[in-house]
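Counting from 4, one number per residue, gives the positions in the sequence shown under the working numbering.
Idealized CB from N, CA, C, for every residue including glycine.
Below is one structure, written out as structure tokens, with a few remarks after it.
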Amino acid sequence: MNTADQALVKKMNKILILEQIIDNAPISRAKLSEITGLNKSTVSSQVSSLLQKEMIYETGRGESSGGRRPVMLKFNRKAGYAIGADIGTNYIIIVLTDLEGEIIEHYERELDEKDIEATERTLFELIDHAVKKMPDSHYGLTGIGVCVPGLVDNDQNVVFTPNKPIHTLQLKRLLEERYNVPIFIENEANAGAIGEREYGDAGDLKHAIFVSINTGIGLGILMNGKLFRGVHGFSGEAGHMSIDINGPLCRCGNKGCWELYASERAVFSSYLSHGNAPLHQIVKALADSRDQKMLETFETFGFYIGVGLVNIIKTLNPETIILRNTMIESYPLIVDVIKKTISSRSKKEALTDCRLTVSSLGRTASSLGASYIVIERFLERFMNEQF
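Set out below in structure tokens:
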């Protein structure tokens, strides 16, 4: 075996061992040898290397199976940290996580929809806060993931964000210059789907749709557990499918788009005149008082969401649909209306047991997904011996 082949074998062994430690910790060297089929000396050598590079650590002794109690190994989730940023039309959410996605710091800020300069300033301000709060670690800040509500191509360029001109910011370049770490840009709904797949409570997501409903509507599509992006990376823009061919003109250039009827902006905009409080506070106060008009608005919201989801179900035949919207998560009435609408427009046989659920991660789903992208790429670089 030549030197190149030996190096490749060592690399593959390291990947195999680290993956097993991540998935099965705490785990002993003997158990690693048993699971991987590698001999004990190979396991011992690779474990020593991983310990030296601080990617794993020894936790103490486990249960004995007859001999000496084995020393157990765990993945060092504090070897480095990641930042995930969700830039919405009227908000920014920042999370600082360890390498297992545990949130260390979490910041949210409401934004003016039209003030793009304030968006840039706030993004830097909150990331700076997160960096200052980051604990000391061997690898430090491993990267920053950013997601936005709009078209992001396969080269991570923000091509178009119809509800706010985030695309006018050179996000990747600005962040790379300021923080000198790897930067990853993704669509907000795609990041949400990744967040739910990795950290959510919806179970094993093989064929699933993450539906993000805010100022607009976007889909993150999982097929066979992997994100489906389309040929240019623009899949999931379902908010801009027509549900009324003679409807009003949308900012995207189409007419009668789904999000013109079913987004928060479309359904709840009339309540913004009730005062200076955030929309969700206004809605909660009226809902808690059982205001009849608000209950009717919930019915309208659920109906139009359901109308669009019928098209999604019939087109993609998902096993699971996860809804991400604060109002839907807060008021079960809306979910009931959505389910009723879907059922009334589909034969029972056509629904094929599609499961409708709400996001368990809530407002942090997309920022956690963006953070996971950073972690995944960091581990890939580590496996390729770039550290």
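Excluding residues up to 5 positions away in sequence, Gln159, Ile186, Ile188 lie with their Cβ nearer than 7 angstroms to the Cβ of Lys175 in the same chain. Take Thr300, set aside five residues on each side of it, and the residues of its chain with a beta-carbon closer than 7 angstroms to its own are Val270, Phe271, in chain order. Per DSSP, reduced to three states, the secondary structure at Phe237 is coil, with no helix or strand assignment.
Val286 is a Cβ neighbour of Met330, given a cutoff of 8 angstroms. Taken atom to atom, the span from the alpha-carbon of Leu19 to that of Val162 is near 38 angstroms.
Ranking Glu57, Met58, Met75, Gln55 by CA distance to the CA of Arg64 puts Met75 first. With respect to the 8 angstroms criterion, Leu144 and Val184 are classified as neighbours on the basis of their beta carbons. Here the alpha carbons of Glu379 and Leu129 stand approximately 23 angstroms from one another. Per DSSP, Met75 is one residue of the beta strand (DSSP E) stretching across 74-78. In the structure shown, His170 adopts helical secondary structure according to DSSP, grouped into three states. Look at Lys229 here: in three-state DSSP terms it is strand. Taken atom to atom, the span from the alpha-carbon of Pro281 to that of Leu275 is near 8 angstroms.
For Arg366, the three-state secondary structure derived from DSSP is helix. Each residue's CA atom was taken as its position, placing Leu364 and Phe78 some 24 angstroms apart. Thr92 and Leu289 have their C-alpha atoms some 24 angstroms from each other. Pairing Lys34 with Ile59, the inter-Cα distance amounts to about 16 angstroms. Shortest Cα-Cα distance from Ser215 to any of Asp204, Phe231, Val234, Glu240 involves Glu240.
Taken in chain order, the complete beta strand (DSSP E) segments of 3 residues or longer contained in the stretch 185-213 are 186-190.
Only buried fits Lys17, as 16 or more other CB atoms lie within 10 angstroms of its CB. Glu61 is bridged by DSSP to Leu76.
For the pair Cys150 and Glu179, the CB atoms are not nearer than the 8 angstroms cut-off.
Here Ile30 is bridged, per DSSP, to Leu76. If one requires a minimum length of 3 residues, the beta strand (DSSP E) runs lying completely within the stretch 309-382 are 323-327, 358-361, in chain order.
Taken atom to atom, the span from the alpha-carbon of Arg124 to that of Val134 is near 15 angstroms. Ala85 sits in a strand when the DSSP states are folded into three classes. Across the structure, Lys351 and Cys357 are spaced so that their CA atoms are roughly 10 angstroms apart. Within the model, the alpha-carbon separation for His132 versus Asn279 is close to 27 angstroms. About 6 angstroms separates the beta carbon of Arg32 from that of Val50, a gap short enough to meet the 8 angstroms contact definition. For Ile96, the enclosing beta strand (DSSP E) starts and ends at 94-100.
Distance from the Cα of Val340 is smallest, within the candidate group Phe213, Tyr307, Thr318, for Tyr307. Lys117 carries a coil assignment under DSSP once its states are collapsed to helix, strand and coil.
With respect to the C-alpha of Arg200, the residue from Ala368, Asp101, Leu319 having the closest C-alpha is Ala368.
Between the alpha carbons of Ala85 and Val155 lies a distance of about 21 angstroms. Taking the CA atoms as reference points, Ile30 sits about 9 angstroms from Pro73. The distance from the Cβ of Ser266 to that of Gly219 is about 6 angstroms, consistent with a contact at the 8 angstroms cut-off.
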